[in-house]
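Take a look at the structure below.
Protein chains: 2
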Amino acid sequence: MTEVAARLDANQVLAALGDATRRALIDLLAQSPSSISDLASALNVTKTAIGQHVAILEACHLVVSQKTGRVRICRLDHRGLDALQVWIEARRHPWVEKLDRLDDLLEEEDGVSSPNDGTTAGV
Amino acid sequence: MTEVAARLDANQVLAALGDATRRALIDLLAQSPSSISDLASALNVTKTAIGQHVAILEACHLVVSQKTGRVRICRLDHRGLDALQVWIEARRHPWVEKLDRLDDLLEEEDGVSSPNDGTTAGV
DNA sequence: GCAATAGTGAAGCACATACTTCACCAATGG
DNA sequence: CCATTGGTGAAGTATGTGCTTCACTATTGC
Numbered sequence: 288m289t290e291v292a293a294r295l296d297a298n299q300v301l302a303a304l305g306d307a308t309r310r311a312l313i314d315l316l317a318q319s320p321s322s323i324s325d326l327a328s329a330l331n332v333t334k335t336a337i338g339q340h341v342a343i344l345e346a347c348h349l350v351v352s353q354k355t356g357r358v359r360i361c362r363l364d365h366r367g368l369d370a371l372q373v374w375i376e377a378r379r380h381p382w383v384e385k386l387d388r389l390d391d392l393l394e395e396e397d398g399v400s401s402p403n404d405g406t407t408a409g410v
Numbered sequence: 288m289t290e291v292a293a294r295l296d297a298n299q300v301l302a303a304l305g306d307a308t309r310r311a312l313i314d315l316l317a318q319s320p321s322s323i324s325d326l327a328s329a330l331n332v333t334k335t336a337i338g339q340h341v342a343i344l345e346a347c348h349l350v351v352s353q354k355t356g357r358v359r360i361c362r363l364d365h366r367g368l369d370a371l372q373v374w375i376e377a378r379r380h381p382w383v384e385k386l387d388r389l390d391d392l393l394e395e396e397d398g399v400s401s402p403n404d405g406t407t408a409g410v
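So the sequence lines, in the order shown, correspond to chains S and Z.
Here my numbering is used: the first residue of the first sequence is 288, the next is one more, and so on.
Here my numbering is used: the first residue of the second sequence is 288, the next is one more, and so on.
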């Protein structure tokens, strides 16, 4: 069930990871959760830029953040990476992709009706 | 050794996959090998554009191509996806990254304790 | 040979977007 | 209270790059 959704935003995940700064951000957050200021000083960019990047990374479920007081702590969100993994597997074994469409037809209980790219940012 | 190399060009792989057209190209090639003209007509872009994209995809080992006669057949190269998979794993389990050097000395199997949160690593 | 097809190279354009500055608000701490 | 710190919003800039057109070469087929 989540496979379909995961494959859909895998596009957004890849678009997000296309940027080197965001990849560096992911690298930092993979080591430890950090605040916006921490990330900004680590990457030598402004806090505004970090905020924009974090917003993008959150939209595709690569990062989660919560603001306590005036500090926003960002941490890695595994769901984005999961979606990416699914995306890779589907391309590494194309026959799975073909069987997957059959799987969608057989499993219409989840209400997956539009095969088009909805790009629903489930937020 | 190969892991380091794979992790290095994973950056290029992600940069390449950041583009929607190149992702569509990968999707097509995951289904079947195709010529430049085939891909061009499938994506409604010029053959020149496809040629440029294929060059980028080849540079990061996502695509291999060989020219027989006047036709260049492009097919998926698994090495790019492999590198991406390694990249993901390294971020999904950051402690593995930290213990990477120790990994050479100690052949630890599991039971690793993360300093951050205790998310169960079900792998 | 001639025409059509497949692909490549150079050059330019147009749009996207990453980053900045400026201004502002909210929380912390002396 | 005032200063500092952490973060956000708006707006502008500028660099990158995806795609095109034009020109050209090299195969294929009649």
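For every residue, glycine included, the Cβ atom is placed at its ideal position computed from N, Cα and C.
Within 8 Å, strictly: CB atoms of I233 of chain S and R357 of chain S: Beyond the ends of chain S as shown, which are 288 and 410, falls residue 233 of chain S; an answer cannot be given.
Within 8 Å, strictly: CB atoms of L330 of chain Z and A311 of chain Z: yes
Spatial neighbours of I343 of chain S in its chain, beta-carbon cut-off 6 Å, leaving aside the 5 residues before and after: A303
CB contact check: N298 of chain S to chain Z, cutoff 8 Å: yes
Beta strand (DSSP E) segment containing T355 of chain S, residue limits: 350 to 355
Within chain S, partners of R362 of chain Z - CB distance below 9 Å: Result: empty, since nearest Cβ-Cβ is about 11 Å, beyond 9 Å.
Backbone secondary structure at S321 of chain S - three-state DSSP: strand
R366 of chain Z beta carbon less than 8 Å from that of L368 of chain S: no
Which listed residue (Z:G305, Z:L349, Z:S321) has its alpha carbon closest to that of T355 of chain Z: Z:S321
Option in S:E376, S:A297, S:N298, S:A307 with minimal Cα separation from H340 of chain S: S:A307
Selection from S:L301, S:G305, S:T335, S:S319 that minimises the alpha carbon distance to V351 of chain S: S:S319
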